[in-house]
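*Asks:* Residue numbers (our numbering): 60 to 288.
Heads up, the beta-carbon is just placed ideally off N, CA and C, and yes, glycines get one too.
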Amino acid sequence: MKVKSAIVFGLVFLGAMSVQAAPFGEIRSARSLPIHGVKMIESDKGVFFISENGRFAWKGPIYDMWNAKPVATIEDAETVVNHIDVKKIGVKPNDLATLSFGEGQQEEIIFVSSACPHCKKLLEQAVELGEQYRFHIILIPMGRKSMKQTRQLLCAPDQGRAVKALLTGDYEGLGSGDCRIKSLQRTLVAARILGIRSVPYLIRHDGQVKTGGVKNLAAWLAAAEVEGK
């Protein structure tokens, strides 16, 4: 496992694998957590949490306030990392810098940036699935040019025109100004709370999270029904 190898390498490099420094025992598995710089290790001596540089470690479990349950095993960590209940934590797409389209009942959330080529490819797939799903495309500006484009998108006369601009890169005639500026501010706060560091960032209707491009969006969305059985 790559994560496990990286942790072990870091510990060895820092000399933390000595008997005196790291009483972990035999490491069985490891997992990154949505806590900046913290990894989880499961060994024959229990569950430990360790800082990114291998200097500090503490014994688990920890408590997930969002889901109101302890994180005591690697399986628990997988759930924490890969699932978010947006309703439970109060993230409402309509309050954010959102462009919405689609007629389906299942609501899908995708955080994107106008400066992201992978986001464009994903959006092209989403448009084709508009009859099956309802998509909330949440705009995160990345860089000065992207900020300008995001503000133009939020000033568009209609959301269909804004989505088309995202797809084509043609922002002429969208308008400019401080349209929906509060929604943009709330988006930046939400992105920080969710720990979003790159886009595209997807939250499926069942809470499954994915960072990065998806080659087959239709298959990934449909998998929610299979995994839920």
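Using three-state DSSP, classify residue 208 as helix, strand or coil.
*Replies:* Reading the sequence shown from its first residue, position 149 is the one you call residue 208. Three-state DSSP puts residue 208 in a helix.
*Asks:* Counting along the chain, where does the alpha helix (DSSP H) carrying residue 138 start and finish?
*Replies:* By 1-based counting over the sequence shown, the position of residue 138 is 79. Start and end: 133–141.
*Asks:* Given this structure, state the Cα-to-Cα distance separating residue 187 from residue 193, to the nearest angstrom.
*Replies:* Residue numbering aside, residue 187 sits at position 128 when the sequence shown is read from its first letter. Residue numbering aside, residue 193 sits at position 134 when the sequence shown is read from its first letter. So the two alpha carbons sit approximately 11 Å from each other.
*Asks:* Which first and last residues belong to the beta strand (DSSP E) in which residue 125 is found?
*Replies:* Position 66 of the sequence shown holds residue 125. Per DSSP, residue 125 belongs to no beta strand (DSSP E) and is neither H nor E.
*Asks:* How many whole angstroms separate the CB atoms of residue 156 and residue 239, which I take to be in contact at a CB cut-off of 8 Å?
*Replies:* One-based indexing of the sequence shown puts residue 156 at position 97. One-based indexing of the sequence shown puts residue 239 at position 180. That pair is a contact at about 6 Å.
*Asks:* When DSSP builds the beta bridges, which residues end up paired with residue 170?
*Replies:* In the sequence shown, the residue the question calls residue 170 occupies position 111. Paired residues: 197 and 260.
*Asks:* Roughly how many angstroms lie between the CA atoms of residue 232 and residue 160, to the nearest whole one?
*Replies:* Indexing the sequence shown from 1 puts residue 232 at position 173. Indexing the sequence shown from 1 puts residue 160 at position 101. Computed Cα separation, rounded: 21 Å.
*Asks:* The beta strand (DSSP E) that contains residue 98, what's its start and end?
*Replies:* Walking along the sequence shown from the start, residue 98 turns up at place 39. Residue 98 -> beta strand (DSSP E) spans 97–102.
*Asks:* Please report how far the alpha carbon of residue 284 lies from the alpha carbon of residue 165, in whole angstroms.
*Replies:* Position 225 of the sequence shown holds residue 284. Position 106 of the sequence shown holds residue 165. Each residue's Cα considered, the two are about 11 Å apart.
*Asks:* How would you write the range of the beta strand (DSSP E) that residue 219 sits in, first residue to last?
*Replies:* In the sequence shown, counting from the first residue as 1, residue 219 sits at position 160. Unbroken run through residue 219 is the alpha helix (DSSP H), 218–227; no beta strand (DSSP E).
*Asks:* Helix, strand or coil for residue 148? Go by DSSP, reduced to three states.
*Replies:* Taking the first residue of the sequence shown as position 1, residue 148 is located at position 89. Three-state result, residue 148: helix.
*Asks:* State the DSSP-derived secondary structure class of residue 248, mapped to helix, strand or coil.
*Replies:* Residue 248 sits at position 189 when you count from the first residue of the sequence shown. In the structure shown, residue 248 sits in a helix (DSSP, three-state: H, G or I).
*Asks:* Buried or exposed: residue 248, going by 16 or more other Cβ atoms within 10 Å of its Cβ?
*Replies:* By 1-based counting over the sequence shown, the position of residue 248 is 189. With fewer than 16 Cβ atoms within 10 Å of its Cβ, residue 248 is classed as exposed.
*Asks:* Using alpha carbons as the reference points, say which of 93, 109 and 94 lies closest to residue 100.
*Replies:* Along the sequence shown, one-based indexing puts residue 100 at 41. The shortest CA-to-CA distance from residue 100 to any of 93, 109 and 94 is the one to 109.
*Asks:* Grab the span of the beta strand (DSSP E) containing residue 118 for me, first residue to last.
*Replies:* The residue labelled residue 118 in the question sits at position 59 within the sequence shown. From DSSP, the beta strand (DSSP E) with residue 118 extends over 116–118.
*Asks:* Beta-carbon within less than 7 Å of residue 272's beta-carbon, same chain only, minus the 5 sequence neighbours each way: which residues are those?
*Replies:* For the purposes of this step, residue 272 is identified with residue 213 of the sequence shown, where counting begins at 1. 177, 180, 181 and 259, listed in sequence order.
*Asks:* Does the distance from the CB of residue 214 to the CB of residue 228 come in under 7 Å?
*Replies:* In the sequence shown, counting from the first residue as 1, residue 214 sits at position 155. In the sequence shown, counting from the first residue as 1, residue 228 sits at position 169. Contact flag unset, no.
*Asks:* Could you name the residues of the same chain whose beta carbon sits closer than 6 Å to that of residue 129, not counting the 5 residues immediately before and after it, in chain order?
*Replies:* Counting from one through the sequence shown, the residue named residue 129 turns up at place 70. Correct list, in chain order: 120 and 122.
*Asks:* Compute the Euclidean distance between the alpha carbons of residue 286 and residue 263, then round it to the nearest angstrom.
*Replies:* Reading the sequence shown from its first residue, position 227 is the one you call residue 286. Reading the sequence shown from its first residue, position 204 is the one you call residue 263. Their backbone Cα atoms lie some 12 Å apart in a straight line.
*Asks:* Give the range of the alpha helix (DSSP H) segment to which residue 179 is assigned.
*Replies:* What you label residue 179 is simply residue 120 of the sequence shown in a count that begins at 1. Residues 176–187.
*Asks:* Which stretch, first to last residue, makes up the alpha helix (DSSP H) that contains residue 158?
*Replies:* In the sequence shown, residue 158 corresponds to position 99, counting from 1. Premise fails: residue 158 lies in the beta strand (DSSP E), 157–160, not in any alpha helix (DSSP H).
*Asks:* May I ask you to report which of helix, strand or coil DSSP gives residue 86?
*Replies:* Position 27 of the sequence shown, counted from the first residue, corresponds to residue 86. Reduced to three states, the DSSP call for residue 86 is strand.
*Asks:* On a Cα-Cα basis, can you pick out the residue from 95, 90 and 84 that is closest to residue 252?
*Replies:* One-based indexing of the sequence shown puts residue 252 at position 193. Checking every option, the nearest Cα to that of residue 252 belongs to 95.
*Asks:* Hey, residue 221 and residue 158 are a contact pair by Cβ (cut 8 Å); roughly how many whole angstroms apart?
*Replies:* Start at 1 with the first residue of the sequence shown, and residue 221 comes out as number 162. Start at 1 with the first residue of the sequence shown, and residue 158 comes out as number 99. About 5 Å separates the two Cβ atoms, so the contact holds.
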